[in-house]
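Visitor:
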Amino acid sequence: MAHRVTGVLIFFFLFVHVLDTALVRVSPEAYDDVVATYKTPIVALLEYGLVAAILFHALNGLRVIAVDFWSKGPRYQKQMLWTVVGIWVVLMAGSLYPVLGHAARELFGS
1 MAHRVTGVLI FFFLFVHVLD TALVRVSPEA YDDVVATYKT PIVALLEYGL
51 VAAILFHALN GLRVIAVDFW SKGPRYQKQM LWTVVGIWVV LMAGSLYPVL
101 GHAARELFGS
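Here the sequence shown is numbered in UniProt numbering, starting from 1 and rising by one per residue.
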């Protein structure tokens with residue numbers, strides 16, 4: 001279920017991204033306003049959520065491939081799921097500062 005939810009979230013992000021990028025042809029001033037809102041701490045949290053969704057979706061996709069194409073995959077799918085979750089937690093912890101560092105500095109100062 002989480003794989004499908006993250007896939008839908010990523011799809012909607014890409015849809016919005018295409019729309020806001022296309023805005024530059026319609027009104028460069030409006031595009032600049034939209035880009036300015038992307039530099040807020042709230043959007044930084046949303047970016048962290050996007051990183052979480054992409055990482056989980058990619059790692060779980062590799063697990064699904066292993067279950068489908070490895071003859072022993074179905075037997076080990078629970079262990080592979082916990083491995084995916086563990087790797088995901090480590091990568092999310094490692095991406096905390098690079099993604100949210102700017103927002104933290106903006107909120108709390110350098």
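Glycine included, C-beta positions come from ideal geometry on N, C-alpha and C.
Quantities reported herein were computed from a predicted structural model and do not represent experimental measurements.
Please report how far the alpha carbon of residue 133 lies from the alpha carbon of Leu50, in whole angstroms.
Guide: Residue 133 is absent from the model: the chain starts at 1 and stops at 110.
Visitor: If we count the other Cβ atoms within 10 Å of its Cβ and call it buried at 16 or more, is Thr6 buried or exposed?
Guide: Under this definition Thr6 is a buried residue.
Visitor: Please state whether DSSP places Lys72 in a helix, a strand or coil.
Guide: It is coil, neither helix nor strand.
Visitor: Are the CB atoms of Leu81 and Arg63 within a distance shorter than 9 Å?
Guide: Closer than 9 Å, so yes.
Visitor: Tell me where the alpha helix (DSSP H) around Tyr31 begins and ends.
Guide: Taken as a continuous stretch (DSSP letters only), the alpha helix (DSSP H) holding Tyr31 covers Pro28 to Thr37.
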